[in-house]
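Below you'll find the structure, written out as C-alpha cells, and then a few comments.
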Amino acid sequence: MSGKRVLITGATGGVGRFAVQLAHAQGARVTASTGDPGKHGDALRAMGADEVVLGPEHAEGEMDGVVDSVGGQQLVESFAKLAAHGTLVAVGDVTSRPVTFPPGAFLGSGNQHGRTIVTFYSLDGPAPGQDLEHLAGLMNETVLTPHIGWRGDWSRVDEAVDMLTSRTLHGKAVLDVSSDR
Ligand SMILES: NC(=O)c1ccc[n+]([C@@H]2O[C@H](COP(=O)([O-])OP(=O)(O)OC[C@H]3O[C@@H](n4cnc5c(N)ncnc54)[C@H](OP(=O)(O)O)[C@@H]3O)[C@@H](O)[C@H]2O)c1
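Read in order, the letters of the sequence shown are residues 61 to 241 in this note's numbering.
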C-alpha cells in the first residue's frame, strides 16, 4: 500500500479511525473525511491522516482506494474520486439514505476504467482470532489506538447509542459489565 492514496469516510468513527491508522501504518497517503474538520482535524492528523476534508467531494486528486463507512451520497462522491483500477470498500451505511449515482458515473472513459465497489462483512470467512491477535499486537506496539470516547456501566447503553447516532461521541464506547446484574 506504500504511496497509494486512500480516502476514508466517517474517519472519526469507530471503523474510520482504525482505517486511518492502519492505512497510514502501511505507508498510504491518507485523506480523512469528517463532518467537522475544524473540530476533528488535529486528532485525525495525529492518527496519520495527511489531509482532512469536509466530505469526500472536497478530496483533491484521484484515489487508489476508498473505505466508506458512511454510505448514501458519500458513497457516490467517493466512487467519483477513484482512479483507474481503484477499489471502494463499502463497509457501512450510517446515513440509511438511498444511493443514486448520476448519469455516466460508471463510464470507464478517461482515467476511470476498471473501478470496483466491494462489499465487506467482518464475520465472513474464518474465525477472526488471527486478525484480532494481529490487531492486539499493533495496539501493544502503539501503532493502533482504540480512542475510547466514552465509558460507563452497560445499563447506560441507550445513552451511548444516543451519543453515537447524534454524532457527539466519536471513537469507541466501552460498556462495563458488572457481575451483580
Ligand atoms: N461491514 C462490517 O463488517 C462492519 C463492521 C463494523 C461496522 N460496520 C458499519 O460501519 C458503519 C460505521 O460504524 P462505526 O462504528 O464506525 O460508526 P460510528 O462510530 O457511529 O461512526 C460513523 C461516523 O460517520 C459519520 N457520520 C455519522 N452519521 C453521519 C451522517 N448522517 N452523515 C454523514 N456522516 C455521518 C460520523 O463522523 P463525523 O461526525 O466526523 O462526520 C461518525 O463518526 C456502520 O454502518 C456499521 O454498521 C460494518
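For each residue, glycine too, the CB sits at the ideal point set by N, CA and C.
So, for SER138: in the same chain, excluding its five sequence neighbours on each side, which residues have a beta-carbon less than 7 angstroms away from its beta-carbon?
Mapped onto the sequence shown, residue 138 falls at position 78. Excluding positions up to five away in sequence, the list reads LEU67, THR69, PRO116, VAL126, ASP128, LEU148.
Over what stretch of residues does the alpha helix (DSSP H) that includes TRP74 continue unbroken?
The count along the sequence shown starts at 1 and reaches residue 74 at position 14. It should be pointed out that residue 74 corresponds to Gly in this sequence rather than to Trp. Note, GLY74: alpha helix (DSSP H), 74 to 85.
Regarding ALA138 and ligand 1, is the C-beta to nearest heavy atom distance less than 7 angstroms?
As a working mapping, residue 138 is identified with position 78 in the sequence shown. The question names Ala, but residue 138 in the sequence shown is Ser. No, ligand 1 has no heavy atom inside 7 angstroms of this Cβ.
For GLU120, name the three-state secondary structure that DSSP assigns.
Start at 1 with the first residue of the sequence shown, and residue 120 comes out as number 60. Note: GLU120 maps to coil in three-state DSSP.
Could you tell me how far apart the beta carbons of SER64 and ALA88 are, in whole angstroms, since I believe they sit closer than 8 angstroms?
For this step, residue 64 is matched to residue 4 along the sequence shown. For this step, residue 88 is matched to residue 28 along the sequence shown. Checking the sequence, you will find Lys at residue 64 rather than Ser. Rounded, the Cβ-Cβ distance is 5 angstroms, consistent with contact.
Could you check whether GLY231 and ALA220 sit closer than 8 angstroms to each other, using their CB atoms as the reference points?
Translated into positions along the sequence shown, residue 220 becomes position 160. Translated into positions along the sequence shown, residue 231 becomes position 171. Cβ distance not < 8 angstroms, so ALA220 and GLY231 don't count as in contact.
Which full runs of the beta strand (DSSP E) of 3+ residues lie inside the region 180 to 238, going along the chain?
208 to 213, 232 to 236
Segment contact, 8 angstroms Cβ cut-off, at least three pairs: the region 93 to 113 with the region 74 to 81:
yes
Take PHE180 as the anchor and find which of ALA150, PRO188, GLU193 has the nearest alpha-carbon.
Sequence index remark: in the sequence shown, residue 180 carries index 120 (1-based). Of ALA150, PRO188, GLU193, the residue nearest in Cα terms is ALA150.
In DSSP terms, what VAL159 is bridged to:
Counting from one through the sequence shown, the residue named residue 159 turns up at place 99. According to DSSP, which records beta bridges pairwise, VAL159 is partnered with nothing at all.
Excluding the five sequence neighbours on either side, which residues of its own chain have a C-beta within less than 8 angstroms of the C-beta of GLY108, listed in chain order?
Working through the sequence shown from its first residue, we reach residue 108 at position 48. Within the same chain, GLY108 has close Cβ partners VAL80, GLN81, ALA83, HIS84, ALA85, VAL90.
Could you check if GLN172 is buried or exposed, using at least 16 other CB atoms within 10 Å of its CB as the buried criterion?
Position 112 of the sequence shown, counted from the start, is the residue given in the question as residue 172. Looking at its Cβ environment, which holds 16 or more other Cβ atoms inside 10 Å, GLN172 is buried.
If you drop the 5 nearest sequence neighbours on each side, which residues of the same chain put their C-beta closer than 7 angstroms to that of LEU135?
Translated into positions along the sequence shown, residue 135 becomes position 75. Excluding positions up to five away in sequence, the list reads ASP128, ALA150, VAL159.
The alpha helix (DSSP H) that contains LEU135, what's its start and end?
As a working mapping, residue 135 is identified with position 75 in the sequence shown. Note, LEU135: alpha helix (DSSP H), 133 to 139.
By a C-beta neighbour count over all protein chains shown, 10 Å radius and 16 as the cutoff for buried, is VAL112 buried or exposed?
Taking the first residue of the sequence shown as 1, we reach residue 112 at position 52. Buried, because 16 or more other Cβ atoms sit within 10 Å of the Cβ of VAL112.
Leaving aside the five residues before and after LEU198 along the sequence, list all residues of the same chain whose C-beta is less than 6 angstroms from its C-beta, in chain order.
Here residue 198 refers to the residue found at position 138 when the sequence shown is read from its first residue. Here the set comprises LEU204.
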